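J.:
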Amino acid sequence: MSQKVLLNSKEINIILRRLACQLVENHPNFENTVIVGIQPRGVFLANRIIQLLEEEYGIKNIEYGQLDITFYRDDFRRSEKPLEANKTKIDFIVEDKQVIFIDDVLYTGRSIRAALTAIQSFGRPNEIELLTLIDRRFSRHLPIQPDYNGRQVDAINDEQVKVHWKEVQGEDAVYLLPTSKTILETKPQKTDSK
Amino acid sequence: MSELSVNHLLGIKYLKKEDIDLIFKTADHFKEVINRPIKKVPSLRDITIANLFFENSTRTRLSFELAEKRLSADVINFSAASSSVKKGETLIDTVNNILAMKVDMVVMRHPNPGAGIFLSKHVDASIINAGDGTHEHPTQALLDSYSIREKLGEVAGKKILIVGDIMHSRVALSNIFALKLQGAEVKVCGPKTLIPKHIESLGVSVETNLRKALEWCDVANMLRVQNERMEMSYFPTTREYTQQFGLNKEILDSLNKEIVVMHPGPINRGVEITSDVADSKQAIILEQVQNGVAVRMAVIYLLASKINR
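Residue numbers (the working numbering), protein chains in the order written: chain H, 37 to 230; chain L, 2 to 310.
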């Protein structure tokens, strides 16, 4: 299998710092801002961003939650494989807060659509923004765009974008690899980010 | 594993250990959901569920209905008392008429053992048994085990005592299957007349002395005496039953350890359990009810994901 490196460890490091910097620009002290990592893969990115915000900018006590969107997906009973849920951990109310969603790869936009519905269970946010590491442009099914973006990628539908994290796979890297069309069609967002 | 091995929940007897693990794992997620400010998820918005109750029920019926609504399913309710069953319609006809209205899943309670199994062979819908006579009550056993797991960390290796009318209790049978499957030790206790012969063949032990049994156990599940299912007298008087098999504060406090007290409801206060025990800190009766909704959501969700579109 031939895989192409889209981002290496050094590039990811630079991008994460830029993203953290952009967040601070818009949310100077995170007083009314909460960060929500989208389960399962967005959580790794969210952890990194929060670590940078704390270490580089000295912002402490950031409200941080993890949101699982499984029960809000629009492909329940449509995909071949049963959907498996992850843990949701949001122990605050998002009423009137600025919410920042963090996910690793933005592809069709359906996960984010589900997240937009799911977050309503925790109140009515004042505003929701989206931060992603990889934006697969030209492949959106819904009118959803990131507010903070690491790298835009032009991948055709048959290809897969894979994000590796040091905590999980032992290295920071983003790969582009060819995959069978069937998997992509049944479970786009999940296989995308595996 | 992320899928149940069965298409219906007819009894614990038909489940594997992995199925129970999956149901509990999913129930953990739903327990978080039902403690949110907005306790509802849209997963089952294209599923219609019929609750058919041919026998009285309060808790189970409300619990199922709430679980279905929390998952955004459409719900229709049916109770035999006010239906054409009284006019002589057969079970299959009743159910097929309801299914003709495009129902995907049936939750059924019926006084006859095996009614759910019979139905699953004749109609095209996912069936959940909410109690069939003296046979099984699988969701009750699942929520009981789930509550034990929540309280004590795990079910495997724990000593569980079931006290009362074992003979007529579907809760007892389903609990025995579920607990044994998860590796717990099970003992039953009650008047000899209310303990079925050969129950040891299910891998449980029998003890007729309540004190001895309580000293052995980690958890005591107190069952109600099912007078409505008794066609003859199994013990002299209710008072005598209470004296021998009723759980009171005195006997509970005299044990050298703190055991967990459970009851599937409805409670006959002062008969199998006294009020001060039922309302004590050791009793997890209301936790059982809360967990019931989460466990039933998990069962419905997992079965619904297997219905073909």
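Every residue gets a Cβ at the ideal spot worked out from N, C-alpha and C, and that includes glycine. Please read these numbers as outputs of a predicted model, since none were measured by experiment.
I'd like to know whether the C-beta of P224/H is nearer than 9 Å to at least one C-beta of chain L.
T.: Legend: pLDDT at P224/H = 43, less than 50; position of this residue unreliable, no value from coordinates given.
J.: Beta-carbon of L42/H versus every beta-carbon of chain L: anything under 9 Å?
T.: Chain L contact via Cβ: absent.
J.: For Q196/H, count neighbouring C-beta atoms within 10 Å of its own C-beta (all shown protein chains included) and say buried if the count is 16 or more, exposed if not.
T.: So Q196/H counts as buried.
J.: Could you check what DSSP says for E19/L in three-state terms: helix, strand or coil?
T.: Three-state DSSP puts E19/L in a helix.
J.: Would you call the region 180-187 of chain H in contact with the region 112-128 of chain H, where contact means no fewer than 3 C-beta pairs closer than 8 Å?
T.: With a cut-off of 8 Å, the region 112-128 of chain H and the region 180-187 of chain H do not count as touching, because too few Cβ pairs lie within range.
J.: Taking the runs of the beta strand (DSSP E) that are 3 residues or longer, which of them lie wholly in the region 168-197 of chain L?
T.: Correct list: 186-190.
J.: Just how far apart, CA to CA, sit D77/H and D139/H?
T.: The question names Asp, but residue 77/H in the sequence shown is Arg. Going from the Cα of R77/H to the Cα of D139/H covers about 7 Å.
J.: So is P224/H buried or exposed if we call it buried at 16+ other beta carbons inside 10 Å?
T.: Here the model assigns P224/H a pLDDT of 43, short of 50, so the residue's position is not dependable, and the following value carries that caveat. P224/H comes out buried.
J.: Per the contact definition of three or more C-beta pairs closer than 8 Å, is the region 56-76 of chain L in contact with the region 100-116 of chain L?
T.: A contact exists between the region 100-116 of chain L and the region 56-76 of chain L.
J.: Just confirm the distance between the C-beta atoms of A51/L and V107/L, as a whole number of angstroms; I'd bet it's less than 8 Å.
T.: Yes, A51/L and V107/L are in contact; Cβ-Cβ is about 5 Å, under 8 Å.
J.: Which of helix, strand or coil does DSSP assign to V108/L?
T.: V108/L falls in the strand class under three-state DSSP.
J.: Quick check on H63/H: buried or exposed, where buried means 16 or more other Cβ atoms within 10 Å of its Cβ?
T.: Per the 10 Å Cβ criterion, buried.
J.: Please list the terminal residues of the continuous alpha helix (DSSP H) segment that includes L144/L.
T.: Here the alpha helix (DSSP H) through L144/L covers P139 to L153.
J.: Interface residues of chain H around H30/L at Cβ under 9 Å?
T.: Simply D104, T106, F107, A121, N122, K123 and T124.
J.: Near F246/L, which residues of its chain fall below 8 Å by C-beta distance, leaving aside the five closest residues on each side in sequence?
T.: Counting only Cβ-Cβ distances below 8 Å, and skipping sequence neighbours, we find V164, G165, C190, G191, P192, L211 and E273.
J.: So with CB distances below 7 Å, who are the chain H contacts of V42/L?
T.: Here the neighbours are F107 and Y108.
J.: G159/H touches chain L at which residues, Cβ-Cβ below 9 Å?
T.: Here the neighbours are P38 and I39.
J.: Find the residues of chain H that neighbour E33/L, judging by a C-beta separation of less than 7 Å, and give them in chain order.
T.: Those are T124, listed as they occur along chain H.
J.: Please classify Y235/L: does DSSP put it in a helix, a strand, or coil?
T.: Y235/L falls in the coil class under three-state DSSP.
J.: Given this structure, state the Cα-to-Cα distance separating T227/H from S255/L, to the nearest angstrom.
T.: Low confidence applies to T227/H: its pLDDT is 43, below 50, so where it sits in the model is not reliable, and the reading given next is rough at best. Whole-angstrom Cα-Cα distance: 58 Å.
J.: Return helix, strand or coil for V156/L, following the three-state DSSP convention.
T.: Here V156/L sits in coil by DSSP.
J.: Which residue marks the beginning of the beta strand (DSSP E) containing L53/L, and which one marks its end?
T.: Taken as a continuous stretch (DSSP letters only), the beta strand (DSSP E) holding L53/L covers T49 to F54.
J.: Straight-line CA distance for D22/L to E92/H?
T.: Cα to Cα, D22/L sits roughly 43 Å from E92/H.
J.: By a C-beta neighbour count over all protein chains shown, 10 Å radius and 16 as the cutoff for buried, is R53/H buried or exposed?
T.: Answer is exposed; the Cβ neighbour count stays below 16.
J.: Compile a chain-ordered list of the residues in the region 185-216 of chain L whose CB is closer than 9 Å to at least one CB of chain H.
T.: Those residues of the region 185-216 of chain L that come within reach of chain H (Cβ to Cβ, closer than 9 Å) do not exist; the list is empty.
J.: Which residues share a DSSP beta bridge with D133/L?
T.: H111/L.
J.: Taking N1/L as the reference, which of I252/L, P43/L, V104/L and H264/L has the closest Cα?
T.: What is shown of chain L runs 2 to 310, which leaves residue 1/L out entirely.
J.: From which residue to which residue does the alpha helix (DSSP H) around H123/L run?
T.: Element bounds for H123/L: A116 to H123.
J.: Between which residues of its own chain and V226/L is the CB-CB distance below 6 Å, once the five residues before and five after are set aside?
T.: Only D166 meet the Cβ criterion.
J.: Tell me, please, whether the region 296-308 of chain L touches the region 25-43 of chain L by the rule of three or more beta-carbon pairs shorter than 8 Å.
T.: Yes, the region 296-308 of chain L touches the region 25-43 of chain L.
J.: Go through its chain and collect everything with a Cβ distance to K17/L's Cβ below 7 Å, but skip five positions before and after it.
T.: Within the same chain, K17/L has close Cβ partners S6.
J.: What does R270/L pair with, by DSSP beta-bridge criteria?
T.: Paired residue(s): I274/L.
J.: Taking just the CA atoms, how far does G266/L sit from E151/L?
T.: Distance between the alpha carbons of E151/L and G266/L: 19 Å.
J.: When DSSP labels each residue in this structure, what does D94/L get in the three-state scheme?
T.: DSSP places D94/L in helix when its eight states are reduced to three.
J.: So the candidates are D132/H, S175/H, I48/H and G186/H; which of them puts its Cα closest to the Cα of N193/H?
T.: Checked all of D132/H, S175/H, I48/H and G186/H; the closest Cα to N193/H is S175/H.
J.: Here's a check: name, in chain order, each residue in its chain whose Cβ is nearer than 7 Å to the Cβ of E131/H, leaving out the five neighbours to either side.
T.: Taken in chain order, the residues that qualify are G159 and R160.
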